[in-house]
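Have a look at the structure below before the remarks.
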Amino acid sequence: MIKTPLCDLLGIEYPIFQGGMAWIADASLAAAVSNAGGLGIIAAMNANAQWLREEIAKTRQLTDRIFGVNIMLMSPFADEVADVVIEEGVKVVVTGAGNPGKYMKKWLAAGIKVIPVVPSVAMAKLLARSGASALIAEGGESGGHVGDLTTMALVPQVVDAVEIPVLAAGGIADGRQVAAAFMLGACGVQVGTRFLVAKECTVHQNYKDKILKAHDIDTVVTGKRLGHPVRALRNNFTKEFARLEQSASVTDEEIERFGAGSLRLAAREGDVKQGSVMAGQVASMVTKEQPAAEIIQEMFTQAEEVLKGATKWVK
Ligand code: TUI
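Here my numbering is used: position 257 in the sequence shown is 267, and no number is missing along the way.
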C-alpha cells in the first residue's frame, strides 16, 4: 500500500488526482475516480454557474466520497464559478491557467482546500504563502495549457521551495512514472491523458481512438505567440494554427477566433481533424480503455513494485 500525507489531508485512499480536463471531466469521470479511491475532479472550464451546479449534484448522486472542482482562471465565468464552489460546499478547488490570488481569502474562509497548479517556483512560493493546502507542479509534458519547465526539472524545485505537499503532473501514465514522481519528492500525482480513455470518461469515442493510436512524437505545442501555449495531438487543426501563428499578416485576434471552440469540437462533436485533441506526451503509452478503478490499481501496483526494487543499483 502506498500512503502519503496527501491521503491524510483529503481522506483519500490513493494519492492521485484526475486532471480537470475542460469539456471532458464531468460528473461521470469524477465520481468514478473518487469511488476508486482517488480524487475525482469536475472541470468548470468555460461553463457557467448553472452547468457546474448540475454537475456537482450529479456527482453527489454517484458518490459519497470527496471530489474537487477545477477552475480554469482564463474562463469568462471564473468569477461566478468561484462563488458556486462556496455555495455548494465543495471541499477541494484546483485552479489552472493563472493566479487564483483574488479568490483565496473567500475560499479559505469557506473552509475550502485550495490546490493550485503552478508552472514555476515563484508562483509556488506565492500561493503557499497565500494559504494553499498543496500544490500541483505541472510540467510541459502534459496536455492542454502548458508551462515551460519539464516535470523532471520543476517538481524537485517546487518541493524544495515550499513546506506543503506537492503533486507532480505532466508525463505520468504508468506506475514507473508514479514512482519517479515520489523520487522527485512529490507525495501525489495528477493524471489526465490516461483517464481520457477510462470507460466512465464521456469524451467522444473518436477522441479516445485518436489517443489509443498516438505515437510518442505525435503531440505539438501551438499558441506560444498568444501567450497560452497548448499541447495537442498533431492534426489539420494544429497545422493550420501553426501556419497562422507564423504569418505576420495574420492578427492575434484572427488566431484567437480560429482557435475558439476547437476543444469542444473534438471532445464533444468528435471532429478530431478540425478540432483540438489536447493530450500529453504520454498519449502513446495509453493503449486500452479500462474502468477508472482498474487504471488506478494498475498504476499503484506497478509503482509499489518499482519502489520496492528502487535500491537495486545501490551497492
Ligand atoms: O490549465 C491547465 N490546462 C489546460 S486549461 C485548458 S482550456 C484552454 N483552452 C484553450 C486555450 C487555453 C486553455 C486546457 N488545458 N493546466 C494547468 C496549468 N496552469 N498549466 C499551466 C498553468 C499556469 C500558467 C500560468 C498556472 C499559473 C500561471 O500563472 C501565470 C500568471 O502569472 O498568472
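Glycine included, C-beta positions come from ideal geometry on N, C-alpha and C.
What residue does the beta strand (DSSP E) around residue i start on, and which one ends it?
i: R139; result: Unbroken run through R139 is the alpha helix (DSSP H), 131 to 139; no beta strand (DSSP E).
i: L145; result: 145 to 148
i: T321; result: That residue, T321, is in no beta strand (DSSP E); it is neither H nor E in DSSP.
i: A242; result: 240 to 243
i: V95; result: Run containing V95: none in the beta strand (DSSP E); it sits in the alpha helix (DSSP H), 88 to 97.
i: G233; result: Run containing G233: none; DSSP gives neither H nor E here.
i: G108; result: Where G108 is concerned, there is no enclosing beta strand (DSSP E), given that its DSSP letter is neither H nor E.
i: I12; result: Here I12 belongs to no beta strand (DSSP E), and DSSP marks it neither H nor E.
i: I125; result: 123 to 128
Evaluate residue i with the Cβ neighbour count: other Cβ atoms within 10 Å of its Cβ, from every protein chain shown; 16 or more gives buried, anything less gives exposed.
i: R241; result: buried
i: M114; result: buried
i: G153; result: buried
i: V324; result: exposed
i: P86; result: exposed
i: A32; result: buried
i: S259; result: exposed
i: A163; result: exposed
i: N246; result: exposed
i: I122; result: buried
i: Q60; result: exposed
i: A191; result: buried
i: I227; result: exposed
i: G237; result: exposed
i: K112; result: exposed
i: G21; result: exposed
i: Q187; result: buried
i: A270; result: exposed
i: D170; result: exposed
i: T297; result: exposed
i: K218; result: buried
i: M84; result: exposed
i: D158; result: exposed
i: V231; result: exposed
Taking a contact to mean a Cβ-Cβ separation below 9 Å, would you say residue i touches residue j in this structure?
i: C197; j: P166; result: no
i: R75; j: G50; result: yes
i: A224; j: S130; result: no
i: A46; j: Q256; result: no
i: A208; j: Q71; result: no
i: R63; j: V94; result: yes
i: A183; j: A320; result: no
i: F77; j: V100; result: yes
i: V292; j: T203; result: yes
i: A144; j: A179; result: no
i: P239; j: V156; result: yes
i: K220; j: V287; result: yes
i: F27; j: L177; result: yes
i: F268; j: E250; result: yes
i: F205; j: L16; result: no
i: R172; j: A132; result: Looking at the sequence itself, residue 172 is Val, so the reference to Arg does not match. Contact flag unset, no.
i: I81; j: A88; result: yes
i: G181; j: E315; result: no
Can you round the beta-carbon distance between residue i and residue j to whole angstroms, since I take them to be within the 8 Å contact cut?
i: R313; j: I12; result: Note that residue 313 is Ala in the sequence shown here, rather than Arg. A313 to I12, Cβ: 6 Å. Contact.
i: R244; j: T229; result: 7 Å
i: I34; j: V213; result: 5 Å
i: G290; j: E151; result: 6 Å
i: V68; j: A119; result: What sits at residue 68 in the sequence shown is Lys, not Val. Contact doesn't hold; Cβ gap of about 27 Å is too wide.
i: G6; j: V201; result: Beyond the ends of the chain as shown, which are 11 and 325, falls residue 6; an answer cannot be given.
i: E210; j: A42; result: 4 Å
i: V128; j: V79; result: Rounded, the Cβ-Cβ distance is 18 Å, inconsistent with contact.
i: V124; j: G149; result: Not confirmed; about 21 Å, so no contact.
i: L254; j: E266; result: Not quite, the Cβ-Cβ distance comes to about 10 Å (not below 8 Å), so this is no contact.
Start and end of the alpha helix (DSSP H) containing residue i?
i: Q200; result: Run containing Q200: none in the alpha helix (DSSP H); it sits in the beta strand (DSSP E), 198 to 201.
i: G111; result: 111 to 119
i: T311; result: 302 to 318
i: P166; result: 161 to 171
i: T248; result: 246 to 256
i: L326; result: Summary: the structure shown does not reach residue 326, with the chain confined to residues 11 through 325, and so no result is reported for it.
Whole runs of the alpha helix (DSSP H) within the region 258 to 298, excluding any shorter than 4 residues:
Within the region 258 to 298, the complete alpha helix (DSSP H) segments of 4 residues or longer fall at 262 to 269, 272 to 277, listed in chain order.
Q) What are the complete alpha helix (DSSP H) segments, minimum 4 residues, inside the region 24 to 79? A) Correct list: 37 to 45, 59 to 72.
| Unbroken stretches of the alpha helix (DSSP H), 4 residues or longer, contained in the region 179 to 229 | Segments of the alpha helix (DSSP H) lying fully in the region 179 to 229: 185 to 193, 215 to 222.
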